[in-house]
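Let me begin by presenting the structure, written as structure tokens, before commenting on it.
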Amino acid sequence: MIHIILGTKAQLIKMAPIMKKLTMKGVEYNFISTGQHKETIDDILSNFEIKKPDRQLYDGKDITSIFSMLIWSSKILLGSFFKRKELFRNDNNGIILVHGDTLSTVLGALMGKFTGLKVGHVESGLRSFNIFQPFPEEIFRKITFRLSDVMFCPGDWAVNNLKKYKGVKINTEINTLYDSLSFARPSIDKIDDVEIPSEKFAIVTLHRFENVKSKDNLEKIIDLIAMISVEINLIFILHRLTEKKLIRYGLMDRLKSNPKIELRKRYDYFRFIKLITFSEFVISDGGSNQEECSYLDKPVLLFRNVTERNEGLGSNAVLSKFDRNIIMEFVANYSQRKSARLNVIKSPSDIILDYCIHNNYHILNESEKIKAK
97 MIHIILGTKA
107 QLIKMAPIMK
117 KLTMKGVEYN
127 FISTGQHKET
137 IDDILSNFEI
147 KKPDRQLYDG
157 KDITSIFSML
167 IWSSKILLGS
177 FFKRKELFRN
187 DNNGIILVHG
197 DTLSTVLGAL
207 MGKFTGLKVG
217 HVESGLRSFN
227 IFQPFPEEIF
237 RKITFRLSDV
247 MFCPGDWAVN
257 NLKKYKGVKI
267 NTEINTLYDS
277 LSFARPSIDK
287 IDDVEIPSEK
297 FAIVTLHRFE
307 NVKSKDNLEK
317 IIDLIAMISV
327 EINLIFILHR
337 LTEKKLIRYG
347 LMDRLKSNPK
357 IELRKRYDYF
367 RFIKLITFSE
377 FVISDGGSNQ
387 EECSYLDKPV
397 LLFRNVTERN
407 EGLGSNAVLS
417 KFDRNIIMEF
427 VANYSQRKSA
437 RLNVIKSPSD
447 IILDYCIHNN
457 YHILNESEKI
467 KAK
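Quick note on numbering: the sequence shown equals residues 97 to 469 in my numbering.
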């Protein structure tokens, strides 16, 4: 059987096409949520019309601090170990699909190891080659590579990064997010309740730990945002952690008092993409946003020193390194930033599912079905 273990919104968005295609093929799958972002995934389930998790391993609030993450992960790992037969329906021939670079990824891979199931890592092979940027994601990636039996890599570069790791490498050529956007577009076109400013605007969306962990870091970023706002109106999307840090460090009033910056709460995924399509460009520290902007041919300014992704670099995406000259050059010439033309021969989600089904990982033996009831 195919077991899918996810915990965050970004993971669900990128795995949604795989889950939808499984349903379309009439293949049953076991959807397990770690609950890392439990409070904020319902809109994604609704957007993509995906079933709710078969098992919810955590029912508390979203995990936003290191201390709560340690408690949460310990409880999940111990609980899943003692209930592994029930959790995985007595399966001994299936595969656990995990995604990306979060703690939920590592926990899912560890569950695969102590249950004896194969572990498939989707979006494998991405590296920044800097342990502290992003932290702790770069560490989680390296752990997951070692625990995985099958690595589904979104391109040649990602495949090459896994040369020293054991396991099967499958090149999906592009990220499953491409499929997510393909599924989303018809619904996005019908959305009419997102307020679009009449004047040109750019979007700011920041959430990475290394950017918000200290007042000094966040204050420097707010200075840069204020500098950009002189040139163009900005819509600043408030992630929960970012909002919490802005208030704690006394920086929220700086944003509120700037007439060129509008603060908005997070949208569901489809509405956020709608807003992106009408924007001039995006300022982000997110890897998914870098990919989305590449696929949508939208200029993106990355508020990072390094990135683990190649999408858009040299074309629509610019790595700012927080350098004022690089930033202002981008703002002055963003309209010239165009994505490279994509040549997608086969859906990355189909490549992943073809491999799983070809190897009969989707089959739950009749004897195991009886035990699972």
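Note that beta-carbon positions come from the ideal geometry of N, C-alpha and C, so glycine has one too.
Under 8 Å between the Cβ atoms of residue i and residue j?
i           : j           : result
residue 245 : residue 218 : no
residue 329 : residue 306 : no
residue 495 : residue 196 : The chain is shown only over 97 to 469; residue 495 falls outside these bounds and no answer can be derived.
residue 390 : residue 325 : no
residue 423 : residue 320 : yes
residue 374 : residue 280 : no
residue 416 : residue 398 : yes
residue 249 : residue 226 : no
residue 459 : residue 189 : yes
residue 504 : residue 356 : Not covered by the structure: residue 504. The range shown for the chain is 97 to 469.
residue 243 : residue 209 : yes
residue 360 : residue 318 : no
residue 224 : residue 241 : no
residue 211 : residue 184 : yes
residue 290 : residue 181 : no
residue 146 : residue 116 : yes
residue 316 : residue 418 : yes
residue 298 : residue 379 : yes
residue 93  : residue 303 : Because the chain here runs from 97 to 469, residue 93 falls outside it and cannot be looked at.
residue 152 : residue 131 : yes
residue 427 : residue 327 : yes
Which residues does DSSP list as the beta-bridge partners of residue i?
i           : result
residue 301 : 333 and 380
residue 413 : 396 and 409
residue 152 : 129
residue 248 : 218 and 266
residue 361 : 334
residue 308 : For residue 308, which the question treats as bridged, DSSP gives no partner whatsoever.
If you follow the beta strand (DSSP E) that residue i is part of, which residue opens it and which one closes it?
i           : result
residue 264 : 264-267
residue 194 : 191-195
residue 441 : That residue, residue 441, is in no beta strand (DSSP E); it is neither H nor E in DSSP.
Given a threshold of 16 other Cβ atoms within 10 Å of its Cβ, counted over all protein chains shown, does residue i qualify as buried or as exposed?
i           : result
residue 469 : Note that residue 469 scores a pLDDT of 41, beneath 50, so its modelled location is shaky and nothing firm can be said.
residue 466 : Bear in mind that a pLDDT of 38 at residue 466, under 50, signals an unreliable position, so the model cannot answer this.
residue 454 : exposed
residue 149 : buried
residue 293 : exposed
residue 462 : Confidence in residue 462 is poor, its pLDDT being 45 and thus under 50, which makes the residue's placement unreliable; the coordinate value appears in the next sentence. Counting Cβ neighbours within 10 Å, residue 462 comes out exposed, since fewer than 16 surround it.
residue 192 : buried
residue 441 : exposed
residue 230 : buried
residue 444 : buried
residue 142 : exposed
residue 129 : buried
residue 126 : buried
residue 438 : exposed
residue 425 : exposed
residue 408 : buried
residue 256 : exposed
residue 420 : exposed
residue 120 : exposed
residue 172 : buried
residue 194 : buried
residue 162 : exposed
Could you pull the start and end residues of the alpha helix (DSSP H) that residue i belongs to?
i           : result
residue 202 : 199-211
residue 101 : Here residue 101 belongs to no alpha helix (DSSP H); instead the beta strand (DSSP E) covers 98-102.
residue 273 : 273-286
residue 113 : 105-120
residue 139 : 138-144
residue 235 : 233-243
residue 470 : Residue coverage of the chain in this structure runs from 97 to 469, which leaves residue 470 outside it and unanswerable.
residue 427 : 420-429
residue 352 : 348-352
Is it the case that the CB of residue i approaches a heavy atom of the ligand ZN more closely than 7 Å?
i           : result
residue 232 : Within the structure as shown, the ligand ZN is missing, as the structure has no ligands at all.
Touch test, the stretch 100-109 against the stretch 199-209, Cβ-Cβ under 8 Å, three pairs minimum: yes
Segment contact, 8 Å Cβ cut-off, at least three pairs: the stretch 301-314 with the stretch 342-350: Verdict: yes, contact present.
Touching by the beta-carbon criterion (3+ pairs, under 8 Å), the stretch 163-181 and the stretch 407-426: no
Three or more C-beta pairs below 8 Å linking the stretch 376-384 and the stretch 399-407: yes
Touching by the beta-carbon criterion (3+ pairs, under 8 Å), the stretch 108-122 and the stretch 272-291: yes
Cβ contact (3+ pairs, closer than 8 Å) linking the stretch 134-148 and the stretch 164-174: no
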